[in-house]
Amino acid sequence: ALHRVPLRRHQSLRKKLRAQGQLSEFWRSHNLDMTRLSE
Amino acid sequence: SCNVYSSVNEPLINYLDMEYFGTISIGTPPQNFTVIFDTGSSNLWVPSVYCTSPACKAHPVFHPSQSDTYTEVGNHFSIQYGTGSLTGIIGADQVSVEGLTVDGQQFGESVKEPGQTFVNAEFDGILGLGYPSLAAGGVTPVFDNMMAQNLVALPMFSVYLSSDPQGGSGSELTFGGYDPSHFSGSLNWIPVTKQAYWQIALDGIQVGDTVMFCSEGCQAIVDTGTSLITGPPDKIKQLQEAIGATPIDGEYAVDCATLDTMPNVTFLINEVSYTLNPTDYILPDLVEGMQFCGSGFQGLDIPPPAGPLWILGDVFIRQFYSVFDRGNNQVGLAPAVP
Numbered sequence: 140a141l142h143r144v145p146l147r148r149h150q151s152l153r154k155k156l157r158a159q160g161q162l163s164e165f166w167r168s169h170n171l172d173m174t175r176l177s178e
Numbered sequence: 173s174c175n176v177y178s179s180v181n182e183p184l185i186n187y188l189d190m191e192y193f194g195t196i197s198i199g200t201p202p203q204n205f206t207v208i209f210d211t212g213s214s215n216l217w218v219p220s221v222y223c224t225s226p227a228c229k230a231h232p233v234f235h236p237s238q239s240d241t242y243t244e245v246g247n248h249f250s251i252q253y254g255t256g257s258l259t260g261i262i263g264a265d266q267v268s269v270e271g272l273t274v275d276g277q278q279f280g281e282s283v284k285e286p287g288q289t290f291v292n293a294e295f296d297g298i299l300g301l302g303y304p305s306l307a308a309g310g311v312t313p314v315f316d317n318m319m320a321q322n323l324v325a326l327p328m329f330s331v332y333l334s335s336d337p338q339g340g341s342g343s344e345l346t347f348g349g350y351d352p353s354h355f356s357g358s359l360n361w362i363p364v365t366k367q368a369y370w371q372i373a374l375d376g377i378q379v380g381d382t383v384m385f386c387s388e389g390c391q392a393i394v395d396t397g398t399s400l401i402t403g404p405p406d407k408i409k410q411l412q413e414a415i416g417a418t419p420i421d422g423e424y425a426v427d428c429a430t431l432d433t434m435p436n437v438t439f440l441i442n443e444v445s446y447t448l449n450p451t452d453y454i455l456p457d458l459v460e461g462m463q464f465c466g467s468g469f470q471g472l473d474i475p476p477p478a479g480p481l482w483i484l485g486d487v488f489i490r491q492f493y494s495v496f497d498r499g500n501n502q503v504g505l506a507p508a509v510p
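Sequences listed follow chains A and B, in order. Throughout, our numbering is defined as the position within the first sequence, counted from one, plus 139. Throughout, our numbering is defined as the position within the second sequence, counted from one, plus 172.
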């Protein structure tokens, strides 16, 4: 009676951008400061 | 309320860290899409053939004219993200998820997707598993239609997120019940306090041996659509300091060599302790050959009337198998078996 839906784990967008050295630029371009969100 | 044009708010950062996706198909013959199964929202949307945004060019799009079972509804919908609005129209068609076929499911066909987030994202759309009260446009959510059309034996679904970093082998969403092989011991059932998100009451949050937050009780949601654990910004700032995380390039991270000395973080829920150790809440990454250890906690202000809320996202669900019971409006949690 169970219907199973497999979920696949992918690399997150944050990790992808970080690996490409583009995460800081992403924060800047979106006017986001994740540390400030915690303040 | 206005069903013709309705909108909901979703923080952009929710989708930056998403890692677990599944496949659904819409229409006859089926058109496939990769989606996030998100207990923190209640709409289904996928990119539309009418979408001209860069994000839609990077993803498969739904062609209504190529589906024999499609019917036009025509209402507009909008989801407000941090950097712009995802907008579209609502249609109806068969939606299939691993052999379960829902007839006449209303869903959003996005005609505009904002920003770079959805260009780079590996998922095409989102399938919401929250309560109907969260659904934009008065649309009946997929799981409600599954229950109404007697497609599930029991009105519940459950989520197992494997910790395997490469592909998350074994991760699954189960409709119609739960699988005891994915958890140890027995499920602890927690009443849903507000039927919108999967919202529950927390009795306290302990860092090491000290209750640092929520000593008078607070509210949290169990959300597969959020990857990290989030909380009120002032509390999360204290929590980051307590675990030794500091800001690095706009994020909180710790020295990977200090994991052994970091405290456990325990959520007290319905008189049961749910403990995360540092290897559970620290997110390792490799950057230019160097180890990077990001914090699994993130400040997120959810103002009243919905908030303040803590969000127990994938970082929590990876450790605790989660059952979402619509029949009894409760959430079941038990330690996940790796």
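All residues carry an ideal CB built from backbone N, CA and C; glycine is no exception. Note that this is a predicted model, so its numbers are computed, not measured.
Residue i: which of the options sits nearest, CA to CA?
| i | options | result |
| --- | --- | --- |
| PRO435 of chain B | B:ASP486, B:ASP381 and B:ASN442 | B:ASP381 |
| GLN338 of chain B | A:HIS142, A:LEU141 and A:ARG147 | A:ARG147 |
| PRO507 of chain B | B:LEU299, B:THR398, B:SER445 and B:LEU400 | B:SER445 |
| ASN215 of chain B | B:PHE355, B:PHE209, B:ALA325 and B:LEU299 | B:LEU299 |
| GLN321 of chain B | B:ASP265, B:GLN470 and B:THR273 | B:THR273 |
| ILE196 of chain B | B:ASP189, B:VAL233, B:CYS228 and B:LEU188 | B:VAL233 |
| THR433 of chain B | B:ASN442, B:PRO202, B:PRO450 and B:GLU423 | B:PRO450 |
| THR241 of chain B | B:GLN277, B:PRO219 and B:MET318 | B:GLN277 |
| SER356 of chain B | B:MET190, B:PRO510 and B:THR200 | B:PRO510 |
| TYR187 of chain B | B:ILE198, B:HIS231, B:ILE208 and B:PRO201 | B:ILE208 |
| ILE262 of chain B | B:LEU326, B:LEU458 and B:GLY280 | B:GLY280 |
| ILE393 of chain B | B:GLY485, B:THR447 and B:HIS231 | B:GLY485 |
| LYS409 of chain B | B:THR206, B:GLN470 and B:GLY287 | B:GLN470 |
| ARG143 of chain A | B:PHE290, B:VAL324 and B:ALA293 | B:VAL324 |
| SER225 of chain B | B:LEU258, B:ASP497 and B:GLY348 | B:LEU258 |
| ASP406 of chain B | B:MET319, B:MET384 and B:PHE488 | B:MET384 |
| PHE193 of chain B | B:PHE249, B:THR243 and B:ALA293 | B:ALA293 |
| VAL503 of chain B | B:GLY349, B:GLY340, B:GLU423 and B:LEU472 | B:GLY349 |
| GLY309 of chain B | B:PRO202, B:GLN203, B:GLU423 and B:TRP217 | B:TRP217 |
| GLU191 of chain B | B:CYS228, B:GLY461 and B:GLY340 | B:GLY340 |
| LEU359 of chain B | B:VAL331, B:MET319 and B:PRO202 | B:VAL331 |
Report the three-state DSSP secondary structure of residue i (helix, strand or coil).
| i | result |
| --- | --- |
| THR346 of chain B | strand |
| GLY212 of chain B | coil |
| ARG490 of chain B | coil |
| HIS231 of chain B | coil |
| ALA392 of chain B | strand |
| PHE165 of chain A | helix |
| ASP375 of chain B | coil |
| GLN321 of chain B | coil |
| ALA425 of chain B | strand |
| GLN502 of chain B | strand |
| HIS354 of chain B | helix |
| PHE205 of chain B | strand |
| ALA414 of chain B | helix |
| PRO510 of chain B | coil |
| LEU484 of chain B | strand |
| ASN360 of chain B | strand |
| GLN470 of chain B | strand |
| SER197 of chain B | strand |
| GLN238 of chain B | helix |
| ASP497 of chain B | strand |
| ASP275 of chain B | strand |
| THR430 of chain B | helix |
| TYR187 of chain B | helix |
| VAL291 of chain B | helix |
| ALA140 of chain A | coil |
| TYR444 of chain B | Checking the displayed sequence, the identity of residue 444 of chain B turns out to be Val instead of Tyr. In the structure shown, VAL444 of chain B sits in a strand (DSSP, three-state: E or B). |
| ASP452 of chain B | helix |
Just mark residue i as buried or exposed, buried being the case when its beta carbon has 16 or more other beta carbons within 10 Å.
| i | result |
| --- | --- |
| LYS154 of chain A | buried |
| SER213 of chain B | buried |
| GLU285 of chain B | buried |
| ASN500 of chain B | exposed |
| CYS428 of chain B | exposed |
| ASP374 of chain B | Correcting the residue type first, residue 374 of chain B is Leu in the shown sequence and not Asp. By the neighbour-count rule (16 or more Cβ atoms within 10 Å), LEU374 of chain B is buried. |
| ALA425 of chain B | buried |
Starting from residue i, find everything on chain A with Cβ-Cβ shorter than 8 Å and list it in chain order.
| i | result |
| --- | --- |
| THR346 of chain B | LEU141, HIS142, ARG143 and VAL144 |
| PHE205 of chain B | Residues of chain A passing the Cβ test: none, with the nearest at roughly 13 Å. |
| GLU191 of chain B | ARG148, HIS149, GLN150 and SER151 |
| TYR336 of chain B | In the sequence under discussion, the amino acid at residue 336 of chain B is Asp, which differs from the Tyr named in the question. Near ASP336 of chain B (Cβ distances below 8 Å), the residues of chain A are ARG148. |
Show which residues of chain A have a CB atom less than 7 Å away from the CB atom of residue i.
| i | result |
| --- | --- |
| ALA293 of chain B | LEU152 |
| SER214 of chain B | Residues of chain A passing the Cβ test: none, with the nearest at roughly 18 Å. |
| SER282 of chain B | Result: empty, since nearest Cβ-Cβ is about 18 Å, beyond 7 Å. |
| ALA325 of chain B | ALA140 |
| GLY339 of chain B | ARG147 and ARG148 |
| LEU188 of chain B | SER151, LEU152 and ARG153 |
| ASP457 of chain B | LYS154 and ARG157 |
By the criterion of Cβ-Cβ separation under 9 Å, what are the contact partners of residue i in chain A?
| i | result |
| --- | --- |
| GLY194 of chain B | VAL144, PRO145, LEU146 and ARG147 |
| GLU270 of chain B | HIS142, ARG143, VAL144 and PRO145 |
| ASP351 of chain B | LEU141 and ARG143 |
For the ligand GTP, is there a heavy atom less than 8 Å away from the beta-carbon of residue i?
| i | result |
| --- | --- |
| VAL311 of chain B | Absent from the structure shown: the ligand GTP. Ligands present: none. |
> Would you call the region 417-425 of chain B and the region 382-402 of chain B touching, i.e. three or more CB-CB distances under 8 Å?
Replying inline: The region 417-425 of chain B, when compared against the region 382-402 of chain B, does not touch it at the 8 Å Cβ threshold.
>> Check whether the region 461-472 of chain B and the region 397-408 of chain B touch, using three or more Cβ-Cβ pairs below 8 Å as the test.
In response: yes
>> Three Cβ pairs or more, each shorter than 8 Å: is that satisfied between the region 158-167 of chain A and the region 470-483 of chain B?
In response: no
>> Counting only Cβ-Cβ distances shorter than 9 Å, please list the residues of the region 480-499 of chain B near chain C, keeping chain order.
In response: Of the protein chains in the structure, A and B, none is chain C.
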